[in-house]
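Student: Chains as they are written, first to last, in the working numbering: chain A, 12 to 192; chain B, 5 to 197.
Even for Gly, the Cβ is constructed at its ideal location relative to N, Cα and C.
Note that the structure is a prediction, hence the values are computed from the model and not measured.
#1: Go to residue 108/B, then tell me how far its beta strand (DSSP E) extends in each direction, as first and last residue.
#2: Quick one: is residue 35/A near chain B, going by C-beta distance under 9 Å?
#3: Applying the criterion that 16 or more other CB atoms from any shown protein chain within 10 Å of the CB defines a buried residue, is residue 5/B buried or exposed?
#4: Taking residue 33/B as the reference, which of 128/B, 145/B, 196/B, 144/B has the closest Cα?
#5: Report the neighbours of residue 187/B on chain A: residues whose CB is nearer than 7 Å to its CB, in chain order.
#6: What ranges does the beta strand (DSSP E) occupy inside the region 101–169 of chain B, keeping only unbroken runs of at least 3 residues that lie completely in it?
#7: Check this for me: beta carbons of residue 53/B and residue 102/B, under 9 Å apart or not?
#8: Could you tell me the distance, in whole angstroms, from the CA atom of residue 96/A to the CA atom of residue 113/A?
#9: I'd like to know whether the C-beta of residue 209/B is nearer than 9 Å to at least one C-beta of chain A.
#10: Please classify residue 139/A as buried or exposed, where buried requires at least 16 neighbouring CB atoms within 10 angstroms.
#11: Could you check what DSSP says for residue 66/A in three-state terms: helix, strand or coil?
#12: Would you report the Cα separation of residue 151/A and residue 29/B, rounded to the nearest angstrom?
#13: Could you compute how far the alpha carbon of residue 168/B sits from the alpha carbon of residue 186/B?
#14: Using a 10 Å radius around the Cβ and a threshold of 16 neighbouring Cβ atoms, would you call residue 144/B buried or exposed?
#15: In whole angstroms, what is the alpha-carbon distance linking residue 32/A and residue 90/A?
#16: For a test of the three-state rule: what should DSSP assign to residue 148/A, helix, strand or coil?
#17: How far does the beta strand (DSSP E) with residue 100/A in it extend, from its first residue to its last?
#18: Using alpha carbons as the reference points, say which of 97/B, 176/B, 90/B lies closest to residue 110/B.
#19: Restricting to Cα atoms, I'd like to know which of 178/A, 147/A, 145/A is closest to residue 158/A.
Right, dumping it as structure tokens:
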């Protein structure tokens, strides 16, 4: 019970985001320009794009999980700074050394999608690590709730027949799906 | 039957009914969260047919062509279809155990049908990510209904769980602590990610 109360926000988030994804709710990707500024630092030719991106993010005080695209033949590097509430797109153009920072507007279905998909231990940032650990906690909790629920049901003799009917029906339907689709 | 009794029984029976989905969504998150690189799946060609169909121009609706490819290949159910380069149209039929892919070679006017061997990682992640009402298969849509039912079930279990907790005055202090700590941790993670 206490574990369920602790993890209630995650479970609510996963339930709502699953509904949004199951119904393919649209995810608008409107960006608002935050800043458009000169970037004074230069990089040695051949510097890996990820290293350039990390330096730019650090200089802009935007450290955190990111992906990088480019550079394109015209020297444009696009950094996608992942953010749960408001992801940012940072575009660096080498020929004029400009950095444009754009922020995605917060809207519900995009936020739910990002929340549902955020996982893994690949990013070296504390918040990402905390999220990945919380996802593992949800995994353990779901299996634990299933097993402890079975045990608690079995301890209540009055509910055995109806419980068995529900469990067997659910299991039958699930196995049918696994085989049929 | 009192309301409290009804809530307890509903919590129990819906939980037992949806138990396989709860375990599946939990277990299938392991490979997704740990991003373990799966071994490349093995695809085996099971058939090749002569096939000719008009291909819509770029940006056109490929689904009718996809359905025609599914029918010609003798595969039933839902599918995804996409244009893979100038000369190929691919249809993917995401069967849980052994998915099929159907490749239309426009130049050769052939349809090749391939089946993927069973692979545990793909099986788990396939069940986790399967959903939506737009795949065109009846049972795929029924599966999507169950995905919605599980989601609504989760929300109802939270609500009924909070109600049952509130009915136990002796657990309120620790319950508030757990609820508050969870909400704070969640808010901090969301705000800093």
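Tutor: In short, the structure shows the following:
#1: 104–109
#2: So yes, residue 35/A belongs to the interface.
#3: It counts as exposed.
#4: 128/B
#5: Neighbourhood of residue 187/B in chain A, by CB distance below 7 Å: 20, in chain order.
#6: Taking only runs of at least 3 residues, the beta strand (DSSP E) segments lying wholly in the region 101–169 of chain B are 104–109, 114–120.
#7: At the C-beta level, residue 53/B and residue 102/B stay beyond 9 Å of one another.
#8: 14 Å
#9: This structure does not reach residue 209/B, given that chain B is present from 5 up to 197, and the question cannot be answered.
#10: Buried, because 16 or more other Cβ atoms sit within 10 Å of the Cβ of residue 139/A.
#11: helix
#12: 11 Å
#13: 18 Å
#14: buried
#15: Using only the alpha carbons, I get a separation of about 25 Å.
#16: helix
#17: 99–104
#18: Minimum Cα distance to residue 110/B is reached at 90/B.
#19: Checking every option, the nearest Cα to that of residue 158/A belongs to 178/A.
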